[in-house]
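Protein chains in written order, with the working numbering: chain A, 1 to 249; chain B, 1001 to 1249.
Remarks on the structure that follows.
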DNA sequence: GAGTGGTCTAGACCACGCA
DNA sequence: GCGTGGTCTAGACCACTCA
């Protein structure tokens, strides 16, 4: 391996780090089929040598993959690729763009904006966003697709004051994360609530899921200073998106 | 600080580590009022000196506290005690007994065993528990109540070999965690999958929830060695139990 | 016993905030 | 400009698995 990760340090995108990058590369190799489910990854020292990074860095990468349910680590034995049956799978505790997640699992993400309007915040939205009742917000309804199949319907609310007119057009078309990122409002944490929902009023348009069964992720996104930047209710169509979480004591 | 954490290495309980211990000590000082909400903790180097551990270890401790919503870390400024308003908010990412959680929310937990049998594992169960097809397992169906209201219906499977006959009677009556703990099989991690479920076949007995809507926590509990000790499918009645999770980048 | 992951250290340099 | 947290390294030793 002649290409060292550290050489590219200056070119790295924001919010990235060597561990994260290494995790991406390993994930790509896993999805690419080089390491099929059940296969053992090279040892941590071997990976460390191959990529020219320290073992500590390798370990942060492996831990990330583990928390995403991508691999299982067995002390004294090795790190093995998990069997996630080709489904989109993601670790809940890590805040990431849905589009990114879809892409990394080897599918093509797309947004479809259904409706967007500017209106006063409802009391509930105002409470979630910690703004005054009736403050102007931009409300967006969009569908999130992977390979043209709807993964989720999302209802997002953002205080209008955060979005300059020049960027409004991108909302609901591009990834919400990407838009916020460009404005320096990258969410770094989200306080999320989980619910099961059964309703025919969530979806719109053609090809609505038959069951009407969703996993609702009700979350407030916060920026680095702890300020609320967005309130999202994202309804994931049950069975199309796999949420997992590594719970530890 | 004369008492160095590293000196006690041999006395440390299993499954612990310096970072976790340090987090406990810091948490105790925070709860004890030494650092009230909004206060800044000593710098990482200062803590590292005071406790005789490396800064890397301090950072793992601080990260743990941050993931529990105990502190907010601000780059270039410091680490501040969060204002958690007296509320006990149990995050999903932390593995705890449901009974314990119910108790901490001020309710009285109770188990109601509906059915228990010993039988060969189904292929799916065997796969989850990493045992051979057809290995004998104990299957338990129980309801978990808080103040006599059903919070969840749980379907648990445990390899028979793990449970001595003397403890079988407690299964499904006492907290599963407590029973496993007594056998030295305390789960330290669980790989959980989340699903929305709508079914009338989950619940039993009288006073079944009308909606049939559940949040399913499908999880494999593992002990310290990574061995699967139990496979649980717990159906939480939607709306009666609140799951929160702090997602971070 | 060889090889794997688990833990920890000391030290370096970078990026950010704040006065 | 100084102090803070953010990242990364090289190396050490321990605990575990498996042949």
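Glycine is no exception: its CB is placed at the ideal position from the N, C-alpha and C atoms.
In angstroms with no decimal places, state the Cα-to-Cα distance between residue i and residue j.
i                       : j                       : result
residue 163 of chain A  : residue 1233 of chain B : 43 Å
residue 94 of chain A   : residue 1204 of chain B : 36 Å
residue 223 of chain A  : residue 1165 of chain B : 54 Å
residue 1230 of chain B : residue 33 of chain A   : 31 Å
residue 1245 of chain B : residue 245 of chain A  : 10 Å
residue 177 of chain A  : residue 1141 of chain B : 42 Å
residue 1067 of chain B : residue 1023 of chain B : 11 Å
residue 25 of chain A   : residue 1018 of chain B : 31 Å
residue 1195 of chain B : residue 239 of chain A  : 8 Å
residue 105 of chain A  : residue 41 of chain A   : 18 Å
residue 134 of chain A  : residue 123 of chain A  : 7 Å
residue 137 of chain A  : residue 114 of chain A  : 17 Å
residue 1130 of chain B : residue 31 of chain A   : 23 Å
residue 1237 of chain B : residue 1215 of chain B : 7 Å
residue 1218 of chain B : residue 1049 of chain B : 43 Å
residue 44 of chain A   : residue 1154 of chain B : 38 Å
residue 1078 of chain B : residue 1167 of chain B : 50 Å
residue 60 of chain A   : residue 1181 of chain B : 30 Å
residue 51 of chain A   : residue 62 of chain A   : 14 Å
residue 206 of chain A  : residue 212 of chain A  : 13 Å
residue 1221 of chain B : residue 1228 of chain B : 6 Å
residue 1117 of chain B : residue 84 of chain A   : 30 Å
residue 209 of chain A  : residue 101 of chain A  : 21 Å
residue 57 of chain A   : residue 47 of chain A   : 10 Å
residue 35 of chain A   : residue 158 of chain A  : 41 Å
residue 1249 of chain B : residue 172 of chain A  : 22 Å
residue 1097 of chain B : residue 1144 of chain B : 11 Å
residue 199 of chain A  : residue 183 of chain A  : 35 Å
residue 1039 of chain B : residue 1202 of chain B : 48 Å
residue 1175 of chain B : residue 1186 of chain B : 12 Å
residue 76 of chain A   : residue 1161 of chain B : 24 Å
residue 1054 of chain B : residue 1179 of chain B : 37 Å
residue 1071 of chain B : residue 1037 of chain B : 9 Å
residue 1139 of chain B : residue 1156 of chain B : 6 Å
residue 170 of chain A  : residue 197 of chain A  : 29 Å
residue 1029 of chain B : residue 1103 of chain B : 24 Å
With H, G and I counted as helix, E and B as strand and the rest as coil, what does DSSP make of residue i?
i                       : result
residue 1039 of chain B : coil
residue 1241 of chain B : coil
residue 160 of chain A  : helix
residue 154 of chain A  : strand
residue 179 of chain A  : helix
residue 1020 of chain B : helix
residue 1 of chain A    : Low local confidence applies: a pLDDT of 37 at residue 1 of chain A is under 50, so the model's placement there is unreliable, with the coordinate-based value given in what follows. DSSP places residue 1 of chain A in coil when its eight states are reduced to three.
residue 1046 of chain B : helix
residue 121 of chain A  : coil
residue 166 of chain A  : helix
residue 1131 of chain B : coil
residue 57 of chain A   : helix
residue 1029 of chain B : helix
Below 8 Å on the Cβ atoms is my guess for residue i versus residue j; work out the distance and round it to an integer in Å.
i                       : j                       : result
residue 152 of chain A  : residue 235 of chain A  : 6 Å
residue 121 of chain A  : residue 1247 of chain B : Wrong, their Cβ atoms sit about 23 Å apart, outside the cutoff.
residue 80 of chain A   : residue 89 of chain A   : Actually they are not in contact, since the Cβ atoms of residue 80 of chain A and residue 89 of chain A sit about 16 Å apart, beyond 8 Å.
residue 1243 of chain B : residue 193 of chain A  : 7 Å
residue 1065 of chain B : residue 1020 of chain B : So it is not a contact: roughly 11 Å between Cβ atoms.
residue 82 of chain A   : residue 69 of chain A   : 6 Å
Hey, would you say the C-beta of residue i is under 8 Å away from at least one heavy atom of the ligand FMN?
i                       : result
residue 1043 of chain B : Of the ligands one can find in the structure shown there are none, so the ligand FMN has no counterpart to examine.
Tell me the start and end of each unbroken beta strand (DSSP E) in the segment 1062-1106 of chain B that is at least 3 residues and wholly inside, in chain order. Entirely contained in the segment 1062-1106 of chain B, the beta strand (DSSP E) runs reaching 3 residues are, in chain order, 1071-1074 and 1078-1081.
Kindly confirm or deny that the segment 141-148 of chain A and the segment 94-113 of chain A touch, where touching means at least three C-beta pairs closer than 8 Å. Cβ pair count under 8 Å is three or more, so yes.
Notebook entry, point to check: Where in the segment 1182-1242 of chain B do unbroken runs of the beta strand (DSSP E), each at least 3 residues long, occur, reported from the N-terminal end onward?
Noted result: If we require 3 residues or more, the beta strand (DSSP E) runs fully inside the segment 1182-1242 of chain B come out as 1189-1198, 1213-1222 and 1228-1237.
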